[in-house]
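Undergrad: Just dropping this structure here.
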Amino acid sequence: MRRAILPKMAACFLIMLTAAVLCAVPGYGADSGQQSVGELEEELSLIENELNTLENRVDKLMEDLIDPKITSISLYFSSKTADVGIPLSLEIRMDDRPLVTRELSETDRLVLIRGGAIEIYSGVTEPMEHTIDLRCLVQTTGDSRQIGTARAVFKFEPHRASANFIEITLSKGQDRKTEPYSLTAKHWSKEP
18 MRRAILPKMA ACFLIMLTAA VLCAVPGYGA DSGQQSVGEL EEELSLIENE LNTLENRVDK
78 LMEDLIDPKI TSISLYFSSK TADVGIPLSL EIRMDDRPLV TRELSETDRL VLIRGGAIEI
138 YSGVTEPMEH TIDLRCLVQT TGDSRQIGTA RAVFKFEPHR ASANFIEITL SKGQDRKTEP
198 YSLTAKHWSK EP
């Protein structure tokens, strides 16, 4: 019987001791009524500035950890409308060096004619300004089935330590006699 009472007494003693300690400790913010709202705002501003400074330091340290000489790049090709023509092949040079030459398959052509995009290159590059020289052979739709060329040069600068994407779009030229086809490029990046 005494063994059963001993744990109960120990529990009661522990509860009374905890209550006494809690009553003896002053409440958090007990003297905060003495500070004005302006002082509190000033303290919060100082804390926010300190946090921003620390965040900038962490960002700089992270940049040093990431290799600054390489970043990812992915090239996509799309066709704006079905009546532009049928793209047959692509030849892409980056900084006057061959990057990729690709004959477009029937599946690629179907995707492009329906307004979709295909990935034509994925790799790494240096985060500096680059020049992409693109040449696309296009077959006209209709009875004549002539082959024309669309050519354009684009400049872009990939963002360091980000996933970089370039989408090149084939569309009709403004003047069908002098420029039957037009190529435009859009570059964007996102954090990995």
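Per the working numbering, the very first residue in the sequence shown carries number 18; after that it's consecutive.
Glycine included, each C-beta is placed from N, C-alpha and C at the ideal position.
Looking only at its own chain, which residues have a Cβ that is under 7 Å from the Cβ of residue 208, when we skip the five neighbours before and after it?
TA: For residue 208, where only same-chain residues beyond five positions count, the Cβ hits under 7 Å are 179.
Undergrad: Check whether the Cβ atoms of residue 104 and residue 187 sit closer than 8 Å, and answer yes or no.
TA: Yes, Cβ-Cβ distance for residue 104 and residue 187 is below 8 Å.
Undergrad: Where does the unbroken beta strand (DSSP E) through residue 87 begin, and where does it stop?
TA: Neither: residue 87 is in no beta strand (DSSP E) and is coded neither H nor E.
Undergrad: Which residues in the same chain have their Cβ closer than 6 Å to the Cβ of residue 119, if we skip the five residues on either side of it in sequence?
TA: Around residue 119: 107 and 137.
Undergrad: Is residue 64 buried or exposed, if buried means 16 or more other CB atoms sit within 10 Å of its CB?
TA: Its Cβ having fewer than 16 others within 10 Å, residue 64 is exposed.
Undergrad: May I have a chain-ordered list of the alpha helix (DSSP H) segments no shorter than 4 residues that lie completely inside the region 116–145?
TA: List check, alpha helix (DSSP H) in window: 123–130.
Undergrad: Indicate whether at least one CB of chain D lies closer than 8 Å to the CB of residue 130.
TA: Within the model displayed, chain D is absent; a lone protein chain is all it includes.
Undergrad: Using the three-state DSSP reduction, which class does residue 62 fall into: helix, strand or coil?
TA: It is helical.
Undergrad: Which partner residues of residue 104 appear in the DSSP bridge assignment?
TA: DSSP, once it has assigned bridges, lists 155 as partnering residue 104.
Undergrad: Rounded to the nearest angstrom, how far is the Cβ of residue 155 from that of residue 102, given a contact under 8 Å?
TA: Their Cβ separation, rounded to whole angstroms, is 4 Å, which keeps residue 155 and residue 102 in contact under 8 Å.
Undergrad: Kindly list the residues whose CB is nearer than 6 Å to the CB of residue 18, restricted to its own chain and excluding five residues on each side of it in sequence; keep chain order.
TA: The predicted position of residue 18 is uncertain, since its pLDDT is 48 and thus under 50; a value taken from the coordinates is nonetheless stated next. The answer is none, since no qualifying residue turns up.
Undergrad: On the CB-based measure, 16 or more other CB atoms within 10 Å of its CB, does residue 71 come out buried or exposed?
TA: Classification of residue 71: exposed, given that the 10 Å Cβ count is below 16.
Undergrad: Measuring straight from C-alpha to C-alpha, what distance separates residue 198 and residue 168?
TA: Computed Cα separation, rounded: 8 Å.
Undergrad: In this structure, does DSSP put residue 97 in helix, strand or coil?
TA: Here residue 97 sits in coil by DSSP.
Undergrad: Relative to the C-alpha of residue 111, which candidate in 68, 97 and 90 has its C-alpha closest?
TA: Of 68, 97 and 90, the residue nearest in Cα terms is 90.
Undergrad: On a CA-only basis, which of 152, 177, 165 and 148 is nearest residue 171? Give me that one, please.
TA: Nearest option by C-alpha distance: 148.
Undergrad: Cα separation between residue 75 and residue 61?
TA: Approximately 21 Å between the Cα atoms of the pair.
Undergrad: Please report the straight-line C-alpha distance between residue 164 and residue 158, rounded to a whole angstrom.
TA: Whole-angstrom Cα-Cα distance: 10 Å.
Undergrad: Does the beta-carbon distance from residue 87 to residue 141 come in below 8 Å?
TA: Yes; because the gap between Cβ atoms is below 8 Å, this pair is in contact.
Undergrad: In angstroms, rounded to a whole number, what distance separates the CA positions of residue 150 and residue 115?
TA: About 9 Å.
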